[in-house]
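Trainee:
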Amino acid sequence: MKKLLFGAIVLSFMSACNSDNISNQNEEAADPAAASTAAMERSCPSEELRQEALKNSPELRQRYADLEANTARFVNDKKLGRVLADGTVEIPVVVNVVYSNAAGNVSDARITEQIDVLNADYSGTNTDASKVPTEFQPVNAGDTKIKFRLVNTIRKSTTKASWKTDDAMKQASSGGIDATNPTNYLNIWVVSKMTSQGKSILGYAKFPESAGLWLDGVVIAAPFFGKTGASSPYNLGRTATHEVGHYLNLRHIWGDAMCGNDLVDDTPTQTTSNGGAPTYPLYNTCNSVKRSVMFMNYMDYVNDASMFMFSSGQKTRMQSVVTASGARAGLRVL
């Protein structure tokens, strides 16, 4: 059907261009001036030239086909709500709850609450955005043009009370829940408890190089998921904001090294991670340069109440992976 429609469109284009160039052969111009004026009327040979070029070049025909296919996908994305009218990419989310007790079986209301936090933080409408220091306001990302929409919640009861960071919760064969089409959906697993090397883990994520693989997505321990009933000082839903940042290709702001590089130009270099509730301004010295650091960035390690911004450079980095040619382009389409 689409091929027939495409053929009809091409024929209509050719007919339209031909109509533009047809003069009434049964009439003659009343005078030379009228004939001259008629010769100057609008004429557009663009489509005729295009068809001739397509006929003579297989490479150009392939590029044309790719162009139209991409256009069709974009139109369909808008219909599906994946790409909104303002260009925002709306990511569909599947939450997989693997619980061993009532506390780990987070409620639907709490899941909705967490999605709301993600949407606020990624659109720059979080209530604490006003706390961004004047120094960093020029590089505050504001709206990243990325939104989130809950499409399904899957629950599974298990006798396993604690999980490691080995992705076992992502496979039914090991007591977890298999991912729902990870190419096209952001899968978030919520587990009752998570540890690594004897330490409690709030969450972890896979970077875009894992896009579409069975293990792709984000894992959050239930005590740090959402707000209501979550454990202070990580009870404002920012663990998910941080981990989804990794999912969208953001590194830790200190570059995971002493005075490291997070590959973002507008985040000041800092010595290492910051924790707790620092007081602004906080200065670090790297390579003999003293800087006020952006500890309130979502990609640092501070308490939930102390983080409330992404930078413009981070926005650009995230946008690059959800474009039609990005590593997570599948999030735009079914």
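So the number in this note's numbering is just where the residue sits in the sequence shown, counting from 1, plus 1066. C-beta atoms are modelled at their ideal positions from N, C-alpha and C, and glycine is treated no differently.
When the Cα of N1253 is compared with those of S1266, K1265, M1235 and E1179, which residue comes out closest?
Mentor: Considering only alpha carbons, the answer is M1235.
Trainee: Go through its chain and collect everything with a Cβ distance to R1215's Cβ below 8 angstroms, but skip five positions before and after it.
Mentor: Counting only Cβ-Cβ distances below 8 angstroms, and skipping sequence neighbours, we find G1147, E1156, I1157, P1158, V1159 and I1181.
Trainee: What is the rounded straight-line gap between the Cα of R1398 and the Cα of D1152?
Mentor: Roughly 14 angstroms separates the two Cα atoms.
Trainee: Would you tell me roughly how many angstroms separate the C-alpha atoms of A1195 and T1337, rounded to the nearest one?
Mentor: For A1195 and T1337, the distance between alpha carbons rounds to 25 angstroms.
Trainee: Kindly list the residues whose CB is nearer than 6 angstroms to the CB of D1328, restricted to its own chain and excluding five residues on each side of it in sequence; keep chain order.
Mentor: Excluding positions up to five away in sequence, the list reads R1317, I1319 and G1321.
Trainee: Which of helix, strand or coil does DSSP assign to Y1130?
Mentor: Residue state, collapsed to three classes: helix.
Trainee: Taking the alpha carbon of K1211 as the point to measure from, which residue in S1262, K1381 and Q1128 has its own alpha carbon closest?
Mentor: Closest option to K1211, Cα to Cα, is K1381.
Trainee: Where does R1221 fall in DSSP's three states?
Mentor: DSSP places R1221 in strand when its eight states are reduced to three.
Trainee: Taking D1233 as the reference, which of P1344, T1261, Y1251 and R1221 has the closest Cα?
Mentor: If we check each option's Cα against that of D1233, T1261 comes out closest.
Trainee: For the candidate residues E1113, N1185, V1359 and T1178, whose alpha-carbon lies nearest to that of Y1346?
Mentor: Considering only alpha carbons, the answer is V1359.
Trainee: Give the DSSP-derived three-state secondary structure of Y1346 in the structure shown.
Mentor: Correct three-state label for Y1346: coil.
Trainee: Using only alpha-carbon positions, find the residue among D1370, D1174, K1213 and A1175 that is nearest to T1191.
Mentor: The option with the nearest alpha carbon to T1191 is K1213.
Trainee: If you run the structure through DSSP and keep just helix, strand and coil, what is R1139?
Mentor: Reduced to three states, the DSSP call for R1139 is helix.
Trainee: Excluding sequence positions up to five away, which residues of its chain have a Cβ less than 8 angstroms from the Cβ of K1197?
Mentor: So the list reads M1362 and F1374, once near-sequence residues are dropped.
Trainee: Suppose the cutoff is 8 angstroms on Cβ atoms and the five residues either side in sequence are ignored; what does the same chain contact list for R1304 look like?
Mentor: Within the same chain, R1304 has close Cβ partners V1183, D1187, Y1364, D1370 and M1373.
Trainee: How would you call G1342, buried or exposed, if buried means at least 16 neighbouring beta carbons within 10 angstroms?
Mentor: It counts as exposed.
Trainee: How big is the Cα-Cα spacing for L1281 and F1291?
Mentor: In a straight line, the C-alpha of L1281 is about 20 angstroms away from that of F1291.
Trainee: Going along the chain, which residues of its own chain have a beta-carbon closer than 8 angstroms to the beta-carbon of A1175, five neighbours each way excluded?
Mentor: Within the same chain, A1175 has close Cβ partners T1294.
Trainee: Candidates D1332, E1309, E1113 and C1352: which alpha carbon is nearest P1204's?
Mentor: Out of D1332, E1309, E1113 and C1352, D1332 has the C-alpha closest to the C-alpha of P1204.
Trainee: For T1200, count neighbouring C-beta atoms within 10 Å of its own C-beta (all shown protein chains included) and say buried if the count is 16 or more, exposed if not.
Mentor: T1200 should be labelled exposed.
Trainee: Can you list, in chain order, the residues of its chain whose CB lies under 8 angstroms from that of V1388, leaving out five sequence neighbours each side?
Mentor: Contacts found: V1155, I1157, I1212, L1314, R1394, A1395, L1397 and R1398.
Trainee: Express the C-alpha separation of L1126 and A1135 in angstroms, rounding to a whole number.
Mentor: C-alpha separation (whole angstroms): 14 angstroms.
Trainee: Going by DSSP, what residue range makes up the beta strand (DSSP E) through N1185?
Mentor: Element bounds for N1185: not the beta strand (DSSP E) but the alpha helix (DSSP H), D1174 to S1189.
Trainee: Check for me: the alpha helix (DSSP H) holding V1387 runs from which residue to which?
Mentor: That run of the alpha helix (DSSP H) goes S1378 to V1388.
Trainee: From what residue to what residue does the alpha helix (DSSP H) around R1148 run?
Mentor: First-last for R1148: undefined, no H or E at that position.
Trainee: What does the Cβ neighbour count give for D1132, buried or exposed, with the cut at 16 atoms within 10 Å?
Mentor: Flag for D1132 reads exposed.
Trainee: Indicate whether A1227 and S1258 have their beta-carbon atoms separated by less than 8 angstroms.
Mentor: Cβ atoms of A1227 and S1258: closer than 8 angstroms.
Trainee: Taking the C-alpha atoms as reference points, what is the distance between D1392 and S1386?
Mentor: Position check: residue 1392 holds Gly in this sequence, whereas Asp was assumed. Those two C-alpha atoms are separated by around 6 angstroms.
Trainee: Tell me the DSSP bridge mates of F1214?
Mentor: According to DSSP, F1214 bridges with I1157.
Trainee: So, helix, strand or coil for V1330, using DSSP?
Mentor: In the structure shown, V1330 sits in coil (DSSP, three-state: anything other than H, G, I, E or B).
Trainee: Can S1166 and T1224 be called in contact, C-beta distance under 8 angstroms?
Mentor: Against a cut-off of 8 angstroms, the Cβ pair of T1224 and S1166 comes out as a contact.
Trainee: Over what stretch of residues does the alpha helix (DSSP H) that includes V1310 continue unbroken?
Mentor: From DSSP, the alpha helix (DSSP H) with V1310 extends over R1304 to Y1313.
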